[in-house]
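Q: Take a look at the following structure, please.
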Amino acid sequence: MSTRAVLEVIALGVEDALAAQAGGADRLELVTDIAADGLTPAVETFAGIRAAVGISLRVMLRLRDGFAAGDVEALVRTAAELRAAGADEFVFGFLGEDGGPDLGAVERLVTELDGCRWTFHRAIDRATDRNALRKQLAELPGLDTYLTAGSPDGVDDGLPTLIAEAARHGEPGYTQRLLVGGGLRLEHVPRLRAVGVDAFHIGGAARPHGWTAPVSAEAVRVWRTAVDA
C-alpha cells in the first residue's frame, strides 16, 4: 500500500491548477476571494479547472466571510449547481452562536451532497470544544477530512493539539484524515510526518510572489519533496 502523503493546494483559477498539478499536488481546494479566507468559486471557474487538470478537486461551499452559514438555502442551491457541473468533492463547515457546529446547516448540505466526500474546514479551530464537535459530526456521510491548524492562530500554536489528535486516530470522532494547513511551514512537516500526519494543505506557501501572482509549480515541487521525505 502506498504511503504517499496528500498535498492539497489552493487554486483560484486554471493557471493555478495547472501549476499545482505540474508541481505534484494531489488535490486542489477551489476558492475565490481569498481576502475573505476563501469563498465559493463560480461554476464556470470549477468547470474550466475540471477540464484542465486530472487531479481531485474539492470546492469550497461558503458564501460569506466568517463561520456562520448565512443563507443555507442559497448554499444548497450553489451545491446543486456545482454537482450538476460535475463537482463531487467539497469543503465546508459552520458554527452556531454557541461555538458548536451548526448541525442544521451542515446536515442540510450533507443531504444535498448525497454521499459526496467532503472536508470540514478550519471552523474547527474556532470551535469552543473541538473534541465535542468531532463527536457530533462523526457519523455524517461523506465526511473524511478535517482541515485544521490546531489553533486559530496557526500551526505554530496548534502543534501540540495536532500531535495529540494524530495520536487519537481511529477513535470515535477521530477516524477522519487530519489535513494540516494554516500557517504551515516546511519545518513543521518532519515533526508532523513523524506522528503519522499524512495530508498537508498550502495556499500562500505555493505563491512566493504573493496572492496577486499565480501558484508556482517549483514551490509546489519543493513541498512535494518535503512531504514525501
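When you read off a place in the sequence shown, starting at 1, and then add 148, the result is the number in the working numbering. Quick reminder that beta carbons are idealized off the backbone N, C-alpha and C, glycines included. As the structure is a prediction and not an experimental result, all values here were calculated from the model.
Report yes if the C-beta distance between K283 and G248 is below 8 Å; otherwise report no.
A: Contact: no.
Q: So the alpha helix (DSSP H) T193 belongs to, where does it begin and stop?
A: 191 to 200 is the span of the alpha helix (DSSP H), which, as asked, contains T193.
Q: By how many angstroms is the C-alpha of D185 removed from the C-alpha of T194?
A: For clarity, residue 194 is Phe in the given sequence; the question names Thr instead. Those two C-alpha atoms are separated by around 18 Å.
Q: Going straight from the alpha carbon of A228 to that of F240, what length do you get?
A: Spanning the two alpha carbons is a distance of roughly 14 Å.
Q: Please classify Y294: is it buried, with 16 or more other beta-carbons within 10 angstroms of its beta-carbon, or exposed?
A: It is buried - the Cβ of Y294 has at least 16 other Cβ atoms within 10 Å.
Q: Candidates Q169, R152, T151, A153: which alpha carbon is nearest A354's?
A: It is Q169 whose Cα lies nearest to the Cα of A354.
Q: Pull up the distance between the alpha-carbon of M149 and that of G218, whole angstroms please.
A: Note that M149 scores 38 on pLDDT, short of 50, meaning its location in the model is unreliable; the coordinates nonetheless yield the value given after this. So the alpha carbons of these two residues sit roughly 42 Å apart.
Q: For E366, count neighbouring Cβ atoms within 10 angstroms of its own Cβ and tell me buried if that reaches 16, exposed if not.
A: Exposed is the call here.
Q: Quick one: what's H349 bridged to in DSSP?
A: Beta-bridge pairing links H349 to E156.
Q: With distances taken between CB atoms, is the gap from R274 to L310 smaller than 8 Å?
A: No; because the gap between Cβ atoms is not below 8 Å, this pair is not in contact.
Q: On a Cα-Cα basis, can you pick out the residue from L205, D250, V303 that is closest to V154?
A: It is L205.
Q: Which residue comes first and which comes last in the beta strand (DSSP E) that contains W266?
A: Element bounds for W266: 265 to 268.
Q: Leaving out the 5 sequence neighbours to the left and right, which residues in its chain are closer than 7 Å to I203 when beta-carbon positions are compared?
A: Only Q169, A173, D174, R175, L176 meet the Cβ criterion.
Q: If we ignore side chains and look at the alpha-carbon of each, how far apart do G252 and R316 end up?
A: Taking the straight line from one Cα to the other gives about 27 Å.
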